[in-house]
Amino acid sequence: MQLKLFVLYHGGEPLLNKNFVEMVKQIKQLGVTKIKTVSNGMLLNDDIIEGIVSNGLDQIEFSIDGLHPAENNNIRCGSDYSVIINNIKRLIQYKKKVNSIFPEIFIANTQFITTDIHTIHKTPLPPEYLINNFSGIYADDIAGFKCNWAMKWPGMFVSEKMYTVYHDSNDTGVCNECDQVKNVTTIRWDGSIVACCYDLINQYVIGNILNENLEIIWNNDNFLRLRQSIDHKKFIPLCVHCNVVQPNTYLSLKKNVFSSKKGLRN
């Protein structure tokens, strides 16, 4: 079994892990082709910056959401857009100082559909506030912007005060193809291997890497049944509401969500 990409991230903030830099170092020593992570950027400090650059992290993606800074700060409780931007720029400056092209830096931006439902059939463009912050001397330092529409995924709690759930009536397709179960292995913090990266709460545990060989788990009965359930469109509960194989379910921000910051954090 050849590992082509190792993603140190699964629904939480990876930089909370005090061993993150050491994990990057050890994984790189295994000869893995590419290591990436996804972060909210709040905990990025000088020590972590030096560690990820010197130990070979290939790519880091920073999540900054919404159409303006206030929207990001309200959606991501405890987030401070100005801190994130400064941290990213410090990473860029350190890369230049040590003449390193890695890690590549991407900005991920999730946006919310509006009353114009036709917008969901087009990929959203990077918002102006992000473009402006990474222009000028930083124009060539961002590898790309990854913009997408906010969706409701399995196991995701959705606040009725903040969001409206929207089902596209024109999307009736149900498919039996999922790359997650064919080419990806998702390992939780405790060694549990789950169905896919959208299983954030261990709904379908396939095995545990602390007890069994990864290749054995990859070919065990649990994984086989999961793949067959998708092939035959007889979905397990985790897949019943998943946008990969089911019609997409989007999230729209309610008009009054920014009227009270205190209310958003309750």
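Numbering (the numbering used here) for the sequence shown: 43 to 308. For each residue, glycine too, the CB sits at the ideal point set by N, CA and C. Note that this is a predicted model, so its numbers are computed, not measured.
According to DSSP, which residues form a beta bridge with Y208? Note: Y208 sits in a beta bridge opposite Y292.
Assigned secondary structure, Q245 (DSSP; H/G/I helix, E/B strand, else coil): Coil, per DSSP.
In three-state DSSP terms, what is I127? Residue state, collapsed to three classes: helix.
Does the distance from the C-beta atom of V216 to that of Q288 stay below 8 angstroms? Closer than 8 angstroms, so yes.
Quick check on K304: buried or exposed, where buried means 16 or more other Cβ atoms within 10 Å of its Cβ? Since pLDDT at K304 reaches only 37, below the 50 mark, its modelled position is unreliable, and the value read off the structure follows with that caveat. Counting the other Cβ atoms within 10 Å of the Cβ of K304 gives fewer than 16, which makes it exposed.
Note down the Cα distance separating L306 from C119, rounded to an integer number of angstroms. Note that L306 scores 35 on pLDDT, short of 50, meaning its location in the model is unreliable; the coordinates nonetheless yield the value given after this. Here the C-alpha atom of L306 lies approximately 8 angstroms from the C-alpha atom of C119.
Helix, strand or coil at A237 according to DSSP, with G and I counted as helix: Reduced to three states, the DSSP call for A237 is coil.
Going by beta carbon distance, what residues of the same chain come within less than 6 angstroms of L45, once the five residues before and after it are set aside? Cβ within range, chain order: V74.
Where does A112 sit, in a helix, a strand or coil, going by DSSP? For A112, the secondary structure class from DSSP, reduced to helix, strand or coil, is helix.
Is the number of C-beta pairs between the region 61-68 and the region 91-100 that are closer than 8 angstroms three or more? With the cut-off at 8 angstroms, the region 61-68 and the region 91-100 touch.
Could you tell me the alpha carbon to alpha carbon distance between A185 and E146, rounded to whole angstroms? Cα to Cα, the separation comes out at about 6 angstroms.
Check whether the region 78-92 and the region 119-133 are in contact - that is, three or more C-beta pairs closer than 8 angstroms. By the C-beta criterion, the region 78-92 is judged to be in contact with the region 119-133, since at least 3 inter-stretch pairs fall below 8 angstroms.
Determine which residues share a DSSP beta bridge with V49 and list them. DSSP output for V49 lists K78 as bridge partner(s).
Rounded to whole angstroms, what's the CA-CA distance from Y180 to V80? Just pull it up for me. Whole-angstrom Cα-Cα distance: 20 angstroms.
Bridge partners of Q71, per DSSP? For Q71, which the question treats as bridged, DSSP gives no partner whatsoever.
Between the CA atoms of I243 and S121 - distance to the nearest angstrom: Their backbone Cα atoms lie some 23 angstroms apart in a straight line.
Bounding residues of the beta strand (DSSP E) (the contiguous stretch that carries E103): In the DSSP assignment, E103 falls within the unbroken beta strand (DSSP E) covering 101-105.
From N285 to I126, what does the alpha carbon distance come to, in whole angstroms? Near 29 angstroms, if we compare the C-alpha coordinates of I126 and N285.
If you compare alpha carbons, which of I143, E92, D213, L295 is closest to V207? Answer by Cα proximity: L295.
Under the rule that 16 or more other beta-carbon atoms within 10 Å means buried, what is T214, buried or exposed? That one is exposed.
Taking N264 as part of the alpha helix (DSSP H), name the residues at either end of that continuous run. N264: member of the alpha helix (DSSP H) spanning 263-273, first to last residue.
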